[in-house]
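Novice: First the structure, then my questions, so here it is.
Protein chains in written order, with our numbering: chain A, 6 to 122; chain B, 8 to 119.
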């Protein structure tokens, strides 16, 4: 069981730079989620994919954030013109869903910790 | 703000003692999930509850979901240092089919 893997584990960048994170989900999972988490808080939903289709994006998410899942397998999350407020842990999760409901638990990667200086 | 209320926010427990963490929603839930997180790491799935009144156990951890499916508790018996970490509840509301709402987490410290 390879689990969900995320790369890189840590990223330090200067304000205004672009960053890209990668997530490789569990291979048989059709749903992939991106969350953001800050200290002392639960995960905050960013976006999710069913196969290659991006079905929902948080209304709170800035246009500087974009995510792709080109072949329905791995996904990338890009943040353009980073700001200090973007500093957080970015978590990827995958699950197997049949029909409309989440029918299996979300399995999380270890996250990418972003620090914007 | 968090859509699930977790209590307590933090807990310091003597090793060997029992403890309970609660998770409450204002909405009826389709499913509720308990996760554990260590600092700087991802969330590790513990248990999923979907039926009102359901109870599940794994080793020394027991989770329950009330009949109305709005409240859950996580109980640890005879706590050990390995139980230390942050416990998070996540849930799928009945009016959502994909997104989990989350509690802010309960930080558990085990004193030797």
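Backbone N, C-alpha and C fix where the C-beta goes; we use that ideal spot for every residue, glycine too. In this text the structure is predicted, and so the values were computed from the model without any measurement.
Where does residue 54/B land, buried or exposed, given buried means 16+ other C-beta within 10 angstroms?
Specialist: Looking up residue 54/B in the second chain gives position 47. So residue 54/B counts as buried.
Novice: How is the beta strand (DSSP E) around residue 53/A delimited, first residue to last?
Specialist: Residue numbering aside, residue 53/A sits at position 48 when the first chain is read from its first letter. Its beta strand (DSSP E) spans residues 49 to 55.
Novice: Residues of chain B with CB closer than 9 angstroms to the CB of residue 111/A, please, in chain order.
Specialist: Here the question's residue 111/A lines up with position 106 in the first chain. 40, 42, 50, 52, 97, 107, listed in chain order.
Novice: Just to make sure I have the definition right: I need the residues of chain B whose C-beta is within less than 8 angstroms of the C-beta of residue 96/A. Which are they?
Specialist: Your numbering for residue 96/A matches position 91 in the first chain. Residues of chain B passing the Cβ test: 49, 50.
Novice: Helix, strand or coil for residue 1/A per DSSP?
Specialist: What is shown of chain A runs 6 to 122, which leaves residue 1/A out entirely.
Novice: Determine whether the beta carbon atoms of residue 108/B and residue 97/B lie at a separation below 8 angstroms.
Specialist: The residue given as residue 108/B occupies position 101 in the second chain. The residue given as residue 97/B occupies position 90 in the second chain. Yes, these two residues count as a Cβ contact at 8 angstroms.
Novice: Taking its Cβ as the centre, do 16 or more other Cβ atoms sit within 10 Å of residue 17/A, making it buried, or is it exposed?
Specialist: Position 12 of the first chain, counted from the start, is the residue given in the question as residue 17/A. Its Cβ having fewer than 16 others within 10 Å, residue 17/A is exposed.
Novice: Could you tell me whether any non-hydrogen atom of the ligand FMN is closer than 7 angstroms to the CB of residue 120/A?
Specialist: Among the components modelled here there is no ligand, and therefore nothing to report on the ligand FMN.
Novice: In whole angstroms, give me the CA-to-CA distance for residue 32/A and residue 101/A.
Specialist: In the first chain, residue 32/A corresponds to position 27, counting from 1. In the first chain, residue 101/A corresponds to position 96, counting from 1. So the two alpha carbons sit approximately 10 angstroms from each other.
Novice: Using a Cβ distance threshold of 8 angstroms, determine whether the segment 86 to 99 of chain A contacts the segment 12 to 28 of chain B, with at least three qualifying pairs required.
Specialist: At 8 angstroms Cβ cutoff, the stretches do not touch.
Novice: If we cut at 8 angstroms on Cβ distances, does residue 48/A have a partner in chain B?
Specialist: As a first step, residue 48/A must be located in the first chain, where it is residue number 43. Yes - at least one Cβ of chain B is within 8 angstroms of the one on residue 48/A.
Novice: Using DSSP's beta-bridge definition, name the partner residues of residue 77/B.
Specialist: Here residue 77/B refers to the residue found at position 70 of the second chain. According to DSSP, which records beta bridges pairwise, residue 77/B is partnered with nothing at all.
Novice: Quick check on DSSP: helix, strand or coil for residue 29/A?
Specialist: As a working note, residue 29/A is residue 24 in the first chain. The answer is strand: DSSP assigns residue 29/A an E or B state.
Novice: Just the chain A side, please: which residues come within less than 9 angstroms of residue 111/B by C-beta, in chain order?
Specialist: The residue labelled residue 111/B in the question sits at position 104 within the second chain. Neighbours of residue 111/B on chain A, chain order: 45, 46, 47.
Novice: Would a check of beta-carbon distances place residue 2/A closer than 8 angstroms to chain B?
Specialist: Outside the shown range of chain A (6 to 122) lies residue 2/A, about which nothing can therefore be said.
Novice: Cβ of residue 18/B within 8 angstroms of Cβ of residue 32/B?
Specialist: Taking the first residue of the second chain as 1, we reach residue 18/B at position 11. Taking the first residue of the second chain as 1, we reach residue 32/B at position 25. Cβ distance not < 8 angstroms, so residue 18/B and residue 32/B don't count as in contact.
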